[in-house]
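Report on the following structure.
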Amino acid sequence: MPPTADNAIQTSSDAWATLIANIAPLLVLVGEKHVKQYFKIMSKQSHLLLFAAGPIGLVTAVTTLVRIRGHSTLRRLIGRLFETKADIFQDVTGLSSGDVMFELKDNMLEQTTNPVKEDIALFYLHGGKDGSNKEMCDYWEKAHNALRDLGRHSRTFGTHGRGEMFQPMTHSVMAACVRARGSSAAELLRESAKRAGWEKDILQDPTLANCGTDTDGAVFVYGSFSEISLTLTANADESIDGPWMDYARIGFTVVCLLANLGLIAGNWFLQKDMQNTALIAIGTVLSTSGSYYVARVVSTMTEMDRSPLGDLSLFEAGFHTKRSSDGITLRFLPTFAIVSKSRHWSPLQSRFDWLSHIVIVYMVLGYLALYLGLRTSEWWICLLILILSAAASVARTVLSPDTLKLVNPKKTLHANPFLSAWMHAPKKAFVFQSSSCLTGIGNSIPKPTDVATTATSGTESRHHELVFYQERYNGDHFDSNLIKDPLFRVAFHIVLHCRTQGLVPSEMRDQHCHIPASTKELKRGLAGPSASYLLRSDWLRPDGVIQQPLDILAHQFPTKRGCRTV
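Quick note, in this note's numbering, the sequence shown goes up one by one and the last residue is 570.
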């Protein structure tokens with residue numbers, strides 16, 4: 005009587021069964037780390053489908069579902085009965101607000117439930133634009149709405165490991181220069197500042213608008229916000245994770261499912277063993293559907309708040325902290341900033357979820373069925389099924405943004421240009437790209453003969469700039485020059501530090517503007533809310549002092565709650 009093939013229940017002593025038995029613990033170990041990391045970056049439906057296509061961390065998927073939706077008896081069984089909500093969110097989600105926050109250490113973003121305020125990762129952005137007053141008015145309005153939207157999302161309080169309540173940190177500055185030319189430019193700007201009720205009114209003042217090409221403006225935008233997730237922000241960017249990435253993930257999912265179906269059919273035609281083939285088929289179906297359900301449960305634990313950044317005309321973005329001037333800059337300019345928030349946790353723990361427990365049971369049965377079926381299948385079919393799962397894991401890694409490749413260490417100026425200790429504005433702040441007189445900013449210094457020609461030009465070509473800003477902050481804001489310093493020094497720092505030519509004040513003049521009695525009066529900030537300053541500036545050079553055709557007029561607006569304007 006010819007020998008019959010071992011069925012799935014009988015013990016097999018061949019080398020292949022031994023190999024499968026030995027490789028299973030390795031797959032469990034590798035799958036645990038892989039699955040948890042992948043859970044943190046899932047943000048689209050294609051991520052969930054790709055996870056279900058080749059489940060290699062089934063044990064981790066089952067235990068994760070028990071931790072989230074399981075009964076207390078099951079949680080006690082796996083040693084997770086007294087696990088806190090923050091621990092679960094930190095372990096399997098990309099939560100970036102509330103009880104879990106990101107710290108920036110050694111140029112790496114790390115999730116933690118015990119953050120230190122000085123190390124909390126702060127997402128910063130620099131943007132700006134120049135053009136006509138009408139264009140600048142539109143840009144100011146759009147930037148104002150975008151920064152307000154970002155600040156509104158960052159309002160999730162959380163009590164962390166040391167029992168300390170953390171309030172989200174937001175700090176934004178919108179600063180602008182309105183430049184006018186001509187003999188009456190100073191008077192026009194002064195009157196415009198007096199008539200303006202809000203900052204934007206200057207940009208849309210009809211008197212300045214009627215000057216045509218004799219006026220223009222430049223706006224610089226800075227923002228710093230906690231709770232922004234770099235991974236989710238990269239996933240939302242079309243240049244990093246666009247539609248083609250979605251199509252690639254979905255396409256690979258379809259290939260894996262069809263390949264598994266073909267291998268199951270091939271095993272039946274080769275072995276003619278109904279029991280063995282049924283075990284592989286049942287195990288594959290239960291594992292795939294159960295993995296998709298677990299991915300759905302994990303993804304619904306958090307929600308994403310998207311803040312569009314497309315209207316800010318960004319030229320730099322990154323992360324920094326309060327502790328150090330070093331940070332990281334992004335290699336891409338994000339179109340969205342995403343905050344990951346937790347959903348309500350109490351319903352998950354207060355009610356018995358029948359569906360989740362049914363899924364837990366059939367995932368365990370599916371894992372056992374798949375294991376037993378692979379032990380007695382054709383060796384090459386078993387190998388190909390394992391290779392498909394491994395390939396799906398590689399695809400999940402490749403077809404997702406790699407945050408390490410998206411950042412550069414920032415070793416130049418501080419990310420926050422308005423810190424009292426730094427006060428270095430970015431190179432592109434307040435640079436009028438359309439101006440022929442200022443195109444040399446940031447480049448080599450012009451020859452003295454060229455400067456002399458400019459300095460001796462008539463009053464019609466003189467430039468007058470009205471500088472104003474709006475600052476908003478929430479929570480533990482930064483020690484900012486804009487908050488502490490008096491009006492004169494604020495306007496002076498904003499304009500002069502973004503010029504690399506070395507402008508310094510030589511005198512304050514004009515009877516229509518307040519002239520402080522002494523430097524001490526300036527430092528004390530005794531000027532009233534209606535005070536104006538008009539500065540005459542010189543250019544200090546190694547070969548002497550050259551007069552500049554530039555007057556700087558500064559005027560203070562009413563202070564509103566949570567913001568300060570000049």
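For every residue, glycine included, the Cβ atom is placed at its ideal position computed from N, Cα and C. Note that the structure is predicted; figures quoted are calculated from it, not measured.
Checklist entry - So is N239 buried or exposed if we call it buried at 16+ other beta carbons inside 10 Å? => result The sequence position of residue 239 within the sequence shown is 235, counting from 1. With 16 or more other Cβ atoms within 10 Å, it is buried.
Checklist entry - In terms of residues, what are the limits of the beta strand (DSSP E) holding D123? => result Walking along the sequence shown from the start, residue 123 turns up at place 119. Bounds of any beta strand (DSSP E) do not take in D123, whose DSSP letter is neither H nor E.
Next on the checklist: Please tell me whether N420 and S228 are closer than 8 Å, where the distance is taken between their beta carbons.
Outcome noted: Numbered from 1 along the sequence shown, position 416 holds the residue referred to as residue 420. Numbered from 1 along the sequence shown, position 224 holds the residue referred to as residue 228. Yes, the pair counts as a contact, with Cβ atoms nearer than the cut-off.
Checklist entry - Nearest CA to the CA of F472: which residue from V182, C260, E139, S100? => result Along the sequence shown, one-based indexing puts residue 472 at 468. When each option's Cα is compared against that of F472, the closest is V182.
Checklist entry - Excluding the five sequence neighbours on either side, which residues of its own chain have a C-beta within less than 6 Å of the C-beta of S176, listed in chain order? => result As a working note, residue 176 is residue 172 in the sequence shown. Taking S176 as the centre and dropping the five residues before and after it, the same chain places the C-beta of L151, G227, R476 closer than 6 Å to its C-beta, in chain order.
Checklist entry - Residue range of the beta strand (DSSP E) that T174 falls in? => result In the sequence shown, counting from the first residue as 1, residue 174 sits at position 170. T174: member of the beta strand (DSSP E) spanning 174 to 185, first to last residue.
Next on the checklist: On the CB-based measure, 16 or more other CB atoms within 10 Å of its CB, does M278 come out buried or exposed?
Outcome noted: Taking the sequence shown and counting its residues from 1, one reaches residue 278 at position 274. Exposed, because fewer than 16 other Cβ atoms sit within 10 Å of the Cβ of M278.
Next on the checklist: Since C141 and L207 should fall inside the 8 Å C-beta cutoff, what is the C-beta to C-beta distance between them, to a whole number of angstroms?
Outcome noted: For this step, residue 141 is matched to residue 137 along the sequence shown. For this step, residue 207 is matched to residue 203 along the sequence shown. The beta carbons of C141 and L207 sit about 4 Å from each other, so the pair counts as a contact at 8 Å.
Next on the checklist: Please report the straight-line C-alpha distance between L470 and P119, rounded to a whole angstrom.
Outcome noted: Locating residue 470 in the sequence shown gives position 466, counting from the first residue. Locating residue 119 in the sequence shown gives position 115, counting from the first residue. If you draw a straight line from the Cα of L470 to the Cα of P119, it comes to about 42 Å.
Item to check | Start and end residues, alpha helix (DSSP H) containing R199 | outcome: Taking the sequence shown and counting its residues from 1, the one referred to as residue 199 is at position 195. According to the DSSP assignment, R199 belongs to the alpha helix (DSSP H) that extends over 189 to 199.
Next on the checklist: Quick check on G2: buried or exposed, where buried means 16 or more other Cβ atoms within 10 Å of its Cβ?
Outcome noted: The shown model of the chain, from 5 to 570, leaves out residue 2, and the question about it has no answer.
Item to check | Rounded separation between I89 and H324 - CA only | outcome: On the sequence shown, position 85 is the one that residue 89 refers to. On the sequence shown, position 320 is the one that residue 324 refers to. Looking at the sequence provided, one finds Lys at residue 89 rather than Ile. Near 27 Å, if we compare the C-alpha coordinates of H324 and K89.
Checklist entry - Which same chain residues, not among the five before or five after A252, have their C-beta less than 7 Å away from its C-beta? => result For the purposes of this step, residue 252 is taken as the residue at position 248 of the sequence shown. Taking A252 as the centre and dropping the five residues before and after it, the same chain places the C-beta of L403 closer than 7 Å to its C-beta, in chain order.
Next on the checklist: I'd like to know whether the C-beta atoms of A56 and Y375 end up nearer to each other than 8 Å.
Outcome noted: Position 52 of the sequence shown, counted from the start, is the residue given in the question as residue 56. Position 371 of the sequence shown, counted from the start, is the residue given in the question as residue 375. Their beta carbons are not under 8 Å apart, which means A56 does not touch Y375 by this criterion.
Item to check | Local Cβ density within 10 Å of F86, reported as buried at 16 or more and exposed below that | outcome: As a first step, residue 86 must be located in the sequence shown, where it is residue number 82. Counting every other CB atom within 10 Å of its CB across the protein chains shown gives F86 a total below 16, marking it as exposed.
Checklist entry - When DSSP labels each residue in this structure, what does K2 get in the three-state scheme? => result Nothing about residue 2 can be reported from this structure: the residues present for the chain run from 5 to 570 only.
Checklist entry - Three or more beta-carbon pairs under 8 Å between the region 393 to 402 and the region 54 to 73, yes or no? => result These segments touch.
Next on the checklist: Under 8 Å, with one C-beta from each stretch per pair, do the region 242 to 257 and the region 44 to 54 reach the 3-pair mark?
Outcome noted: As far as the Cβ criterion goes, the region 242 to 257 touches the region 44 to 54, which means the pair count is three or higher.
Checklist entry - Who are the near neighbours of L337 in its chain, counting only those whose CB is closer than 7 Å to its CB and skipping five residues on each side? => result The residue given as residue 337 occupies position 333 in the sequence shown. Here the set comprises L318, A321.
Item to check | Three-state secondary structure (DSSP) of H51 | outcome: In the sequence shown, the residue the question calls residue 51 occupies position 47. Note: H51 maps to helix in three-state DSSP.
Item to check | Validate contact between the region 362 to 375 and the region 283 to 303 using beta carbons, cut 8 Å, 3 pairs | outcome: The count of Cβ pairs closer than 8 Å, one atom from the region 362 to 375 and one from the region 283 to 303, reaches three, so the stretches are in contact.
Checklist entry - Would DSSP call T292 helix, strand or coil? => result As a position in the sequence shown, residue 292 is number 288, starting the count at 1. T292 falls in the helix class under three-state DSSP.
Next on the checklist: By the three-class DSSP mapping on this structure, what secondary structure does I27 have?
Outcome noted: For the purposes of this step, residue 27 is taken as residue 23 along the sequence shown, with counting starting at 1. Here I27 sits in helix by DSSP.
Item to check | As assigned by DSSP and simplified to three states, the class of D454 | outcome: Counting from one through the sequence shown, the residue named residue 454 turns up at place 450. With a pLDDT of only 37 at D454, under the threshold of 50, the placement of this residue in the model should not be trusted, and no figure is reported.
Next on the checklist: Can you tell me where the beta strand (DSSP E) holding P312 begins and where it ends?
Outcome noted: Residue 312 sits at position 308 when you count from the first residue of the sequence shown. Residues 306 to 312.
Next on the checklist: Nearest by alpha-carbon distance to E195: which of V225, W358, D209 is it?
Outcome noted: Taking the sequence shown and counting its residues from 1, the one referred to as residue 195 is at position 191. Nearest option by C-alpha distance: D209.
Item to check | Length-filtered (3 minimum) beta strand (DSSP E) runs lying within the region 228 to 269 | outcome: Contiguous beta strand (DSSP E) elements confined to the region 228 to 269 do not occur, taking only those with 3 or more residues.
Item to check | Helix, strand or coil at G446 [DSSP, three-state] | outcome: As a position in the sequence shown, residue 446 is number 442, starting the count at 1. With a pLDDT of 31 at G446, under the threshold of 50, the predicted position of this residue should be treated as unreliable, though the coordinate-derived value follows. Reduced to three states, the DSSP call for G446 is coil.
Next on the checklist: Assuming contact is defined by CB atoms lying nearer than 8 Å, are A125 and T237 in contact in what I supplied?
Outcome noted: Residue 125 sits at position 121 when you count from the first residue of the sequence shown. Residue 237 sits at position 233 when you count from the first residue of the sequence shown. It is not a contact, given that the beta carbons lie outside the stated cut-off.
Item to check | Residue span of the beta strand (DSSP E) that contains V343, given as start and end | outcome: Residue 343 sits at position 339 when you count from the first residue of the sequence shown. Taken as a continuous stretch (DSSP letters only), the beta strand (DSSP E) holding V343 covers 340 to 346.
Checklist entry - Thinking C-beta only, is I284 closer than 8 Å to G370? => result Along the sequence shown, one-based indexing puts residue 370 at 366. Along the sequence shown, one-based indexing puts residue 284 at 280. Taking 8 Å as the Cβ cut-off, G370 and I284 do not qualify as a contacting pair.
Item to check | Local Cβ density within 10 Å of W358, reported as buried at 16 or more and exposed below that | outcome: Here residue 358 refers to the residue found at position 354 of the sequence shown. Counting Cβ neighbours within 10 Å, W358 comes out exposed, since fewer than 16 surround it.
Checklist entry - How many Å lie between T304 and K345 at the Cα? => result Counting from one through the sequence shown, the residue named residue 304 turns up at place 300. Counting from one through the sequence shown, the residue named residue 345 turns up at place 341. When the Cα atoms are used, T304 and K345 turn out to be separated by approximately 11 Å.
Next on the checklist: Would V302 and M112 be called neighbours here (beta carbons separated by less than 8 Å)?
Outcome noted: Position 298 of the sequence shown, counted from the first residue, corresponds to residue 302. Position 108 of the sequence shown, counted from the first residue, corresponds to residue 112. No, they are not a contact pair.
Checklist entry - Unbroken alpha helix (DSSP H) runs of length 4 or more, entirely within the region 79 to 144: which are they? => result If we require 4 residues or more, the alpha helix (DSSP H) runs fully inside the region 79 to 144 come out as 89 to 96.
Checklist entry - Is N420 helix, strand or coil when you go by DSSP? => result To locate residue 420, count along the sequence shown from 1; it is residue 416. Here DSSP, grouped into helix, strand and coil, assigns N420 to coil.
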